Every structure is written in C-alpha cells, then in structure tokens.
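Note that full-length UniProt numbering has the sequence shown beginning at 1, numbered continuously upward. Every residue gets a Cβ at the ideal spot worked out from N, C-alpha and C, and that includes glycine. Keep in mind it's a predicted model, so treat the numbers as computed, not measured. Beneath this line is the structure, given in structure tokens, with notes to follow.
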Amino acid sequence: SSIHIMPIRFCQCPDARTQDEQMFEMGMFPASFARPKMAFTFALLNDFILDNLECGTSAMNYYSKLRRITSSMFPHLVMVSTNLVLGELALFCPACPQPSMS
C-alpha cells in the first residue's frame, strides 16, 4: 500500500456503466461519485480498517503512514501531469468531506 498516480480511461460507450460503477469493477472505491478523480483500492481500505481497529490509527495518521512508505527515490522518473490543479491528486484527510471535491 502506498500512494500512486495512474491514469484511468473510462468506457465511453453509449451503454457504459457510470464512472463510479466502472471503478468498483476495477477494485477501487471512488473518493466521490460525481466525476471521481481519486480512489482507494479495496486492499488499502481493508488495511486501514485493520490498522484502525487493532492500533486505533486515525485516518490522518494512516494517510501520513502512506506518505512515508511511498518511495521518494528517483522522483524525476515518475510521470506527473503538468496541468494539475492544486489539491487535485490527494485530499488532506480522506475521511473528512471536501466541499470542492465530493
């Protein structure tokens, strides 16, 4: 478990499922259901629940843990879009509602 940036192309066919349904099928839980831009894998959510129940880890502390274990080695090799809006990739606290995002 760590933080990753990856593009997702949603099916645009006329009979396609909604974006949030497509994300569920990919094993991801969207952070918002209207035009999702961030998601959590079910494995990550299970790991958070385990940390929360066994260790009493808060969502903020778990997010800090994810940031620490995400490798910062060779950042120049990580592809990042240059046309990002501030705050578009991650929320300060995934458990707290973000009016502009969700």
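Can you have a look at residue i and say buried or exposed, based on whether 16 or more other CB atoms are within 10 angstroms of its CB?
i, result
"P14", "exposed"
"P7", "exposed"
"M28", "buried"
"M23", "buried"
By the three-class DSSP mapping on this structure, what secondary structure does residue i have?
i, result
"F40", "strand"
"F29", "strand"
"Q19", "helix"
"S58", "coil"
What's the gap between the Cα of residue i and the Cα of residue j?
i, j, result
"A43", "D51", "12 Å"
"L53", "C11", "37 Å"
"A39", "I49", "16 Å"
"S64", "F33", "24 Å"
"T57", "H4", "21 Å"
"R68", "K37", "22 Å"
Among the options, which residue has its Cα nearest to the Cα of residue i?
i, options, result
"R9", "C55, T57, R35", "R35"
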